[in-house]
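> Just so we're aligned, residue 2 is where the sequence shown starts under our numbering, counting upward by one.
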Amino acid sequence: MTKELEHQLRLERSRVDKRADELVAFLDIQREHQTVSDAQLSLAETQFMLLETYYVLINRRIKDLKRKRG
2 MTKELEHQLR
12 LERSRVDKRA
22 DELVAFLDIQ
32 REHQTVSDAQ
42 LSLAETQFML
52 LETYYVLINR
62 RIKDLKRKRG
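(1) Pick helix, strand or coil for H34, following the three-state DSSP scheme.
(2) Would you be able to state if there are at least three C-beta pairs under 8 Å between the stretch 3-11 and the stretch 34-42?
(3) Give the DSSP-derived three-state secondary structure of M50 in the structure shown.
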C-alpha cells in the first residue's frame, strides 16, 4: 500500500509541476503584454502560489512515507 501511495503522490507531483510550469509561462506573457484584467492576473498569481504550496506538501508526504518505510 505504501509503495502504491508513493507512486500516486509522485504522479500527482508531476501533474502539479506541469500545471505550475504552464501557469508560469502564462504569467510571463501577461507581464510582458497584459491581456487579462488585473483581477484575473492577481488570481492567477495566487493560484501559482497555492500550486507551489501543494507541491511542497506532496514532497513532504513522499518523504514521510520513505522515512516510515526506511
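Built from N, CA and C at the ideal position, the CB exists for glycine as well.
Just so we're clear, the structure is a prediction, and the values are computed from it rather than from any experiment.
Result, derived from the coordinates:
(1) coil
(2) no
(3) helix
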